[in-house]
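So the structure is just underneath, and the comments pick up after that.
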Amino acid sequence: MRLDDNDKRMLDGEAGPVCRMAMEMLVALGKIYGAEKLIPVRSAHVAGLSYRSHGDAGMEWIEQVASQGSRVVIPTTMNVIGVDRSRDLGLPKDWCERQLRINDGYAATGCFPTSSCVPYLYGFVPRFGEHIAWAESSAVVFSNSYLGARDNREGGPSAFAAALTGRTPFYGLHLDENRRAGLRVVVTAPIRDLADVGAMGAFVGKYVGTRIPAFRGLRPLTLEEHVYLGAALASSGGVAMYHVEGQTPDALFRNGDIYTSDCEEIELGQAQLEEGYAKLTSNTDRHVDYVAIGCPHLTLNQVAEVAALLEGKKVKPGVTMWVHTNLAVKGMAKQLGYMDIIERSGAVLTQDLCTILSIPEALGLHSLATNSAKMAFYAPGSNRLATWFGSLRNCVDAAVTGMWNA
Ligand code: F3S
């Protein structure tokens with residue numbers, strides 16, 4: 004693997020032991036994947052920051068890294084954590100304190116403590132063709148597909164290594180030839196709303212595995228639908244990029260020349276859509292004690308939609324409803340009155356956290372309703388929550404009645 008002088012200096016430890024360790028990791032990754040060199044990246048997004056994934060060993064490690072004076076060298080945002088820094092949600096105090104120590108450790112290295120999985124919605128927007136090192140599968144797939152940036156599906160450690168060095172190995176989706184679709188999905192089912200988009204993503208993600216899917220015949224999707232489609236594909240499969248003919252930038256700029264020569268074609272009709280829905284529902288008890296919306300974190304537009312559905316209603320006593328977004332959107336929602344409408348109903352507009360990386364199960368919750376395919380995919384395993392999956396309207400109805408009625 005070719006290294007430039009600066010890479011070699013970092014590898015020799017001239018920038019300190021943490022930077023040397025980061026370079027060793029990047030070089031090892033590059034060798035595994037056959038990269039010919041390291042390239043500069045313009046930004047990083049570090050994930051895997053919850054106490055769930057770090058534990059005490061990870062917490063002590065990042066505190067040590069920060070105390071040695073190691074600092075990131077490119078704009079670096081931080082993914083979701085397990086607590087809401089603005090309030091006490093009743094989660095175990097000791098767990099929250101340890102989570103905040105992890106957060107503070109990364110922030111001390113110069114990462115922005117943004118605590119959200121949608122960095123592209125609050126100012127960190129890579130350009131078409133720009134090389135980045137982002138972790139968080141939903142953000143990776145969005146940056147590659149909707150924005151046309153160049154990003155591999157980084158893990159938390161490799162994204163942090165890139166943040167400390169400004170470098171990443173040149174392989175995978177950084178190369179044009181690896182951005183072709185191996186599966187064409189001809190959509191014949193009507194895709195009505197976000198839940199349909201999620202069910203479609205769940206079906207295709209499972210089918211396609213690690214290939215890149217491309218969609219044909221899909222109506223123009225909204226920004227939020229693209230965010231949720233990518234998240235569904237990336238959770239039910241190993242997808243890091245998709246195309247939509249006539250919509251996503253790689254497809255537009257290549258004039259449709261986006262397929263591999265051995266590309267397979269399938270139809271996504273009503274039967275496949277229903278299979279997607281079935282994959283995302285693990286619940287049989289119609290009593291719901293937890294409703295969670297916002298995975299990935301909601302845009303202001305989506306917060307306004309939740310507020311409109313909750314206006315004048317009350318969440319049933321005994322039901323917890325969390326609406327997940329980030330500090331930036333919550334600030335706007337507060338100023339514009341949406342937060343007040345949501346919280347008057349008894350729901351909570353959370354910042355920083357999400358269901359999967361937090362521990363709502365510690366509050367005794369068992370039965371979840373959500374409109375997020377990604378949350379529905381992970382919650383049964385990570386949070387021991389049996390899950391109903393459906394539209395936002397169905398979820399709000401479940402919060403108000405305590406029953407899944409769809
Ligand atoms: Fe974001 Fe958590 Fe979902 S990180 S994509 S809200 S699982």
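Residue 4 is where the sequence shown starts when you use the numbering used here, and the numbers rise one by one after that. Backbone N, C-alpha and C fix where the C-beta goes; we use that ideal spot for every residue, glycine too. Bear in mind that the values here come from a model prediction, so they are computed numbers and not experimental data.
(request) May I have the straight-line CA-CA distance separating Met4 from Glu27, to the nearest angstrom? (result) 12 Å
(request) Sort out for me which residues DSSP pairs Trp98 with in a bridge. (result) DSSP lists no partner for Trp98.
(message) Among the candidates Gln102, Arg12, Asn329, Phe145, whose CA atom is the shortest distance from the CA of Met244?
(response) Phe145
(request) Give the range of the beta strand (DSSP E) segment to which Cys266 is assigned. (result) 262 to 271
(request) Please find out if some non-hydrogen atom of the ligand F3S comes closer than 7 Å to the beta-carbon of Pro122. (result) no
(message) Is any non-hydrogen atom of the ligand F3S found closer than 7 Å to the C-beta of Lys40, if you look at the structure I gave you?
(response) no
(message) Assuming Arg187 is part of the alpha helix (DSSP H), what are its boundary residues?
(response) Premise fails: Arg187 lies in the beta strand (DSSP E), 184 to 190, not in any alpha helix (DSSP H).
(request) Compare the beta carbon distance of Arg214 and Arg187 with 8 Å and say whether it is the shorter of the two. (result) no
(message) Quick check on the DSSP output: what are the complete beta strand (DSSP E) runs of length 3 or more inside the region 297 to 385, in order along the chain?
(response) 323 to 328, 351 to 354, 370 to 373
(request) Thinking Leu150 and Pro129 are a contact (beta carbons under 8 Å), I'd like their distance in whole angstroms, please. (result) 6 Å
(request) Measure from the alpha carbon of Ala311 to the alpha carbon of each residue in Leu283, Glu346, Ile77, then state which is nearest. (result) Glu346
(message) Could you give the first and the last residue of the continuous beta strand (DSSP E) run that contains Leu41?
(response) 41 to 43
(message) Checking 8 Å against the spacing of the C-beta atoms, do Trp391 and Val351 come in under that value?
(response) no
(message) On the criterion of 16 or more Cβ atoms from any shown chain inside 10 Å, does Gly279 qualify as buried, or is it exposed?
(response) buried
(request) Closer than 6 Å by C-beta to Leu388: which residues in its own chain qualify, once you throw out the five before and the five after it? Chain order, please. (result) Leu371, Ala382
(message) Quick check: Met378 and Ile362, are their CB atoms within less than 8 Å of each other?
(response) no
(message) Gly204 and Ala409 - do their beta-carbons sit closer together than 8 Å?
(response) no
(message) So Gln71 and Ile84 are supposed to be a Cβ contact under 8 Å. How far apart are they, rounded?
(response) So it is not a contact: roughly 23 Å between Cβ atoms.
(request) Measuring alpha carbon to alpha carbon, tell me which of Met342, Ser385, Ala295 ends up nearest Asp400. (result) Ala295
(request) Taking 8 Å as the threshold, find out whether the region 226 to 236 comes into contact with the region 253 to 266 through three or more Cβ pairs. (result) no
(request) Check Phe115 in the structure and name its three-state DSSP category. (result) strand
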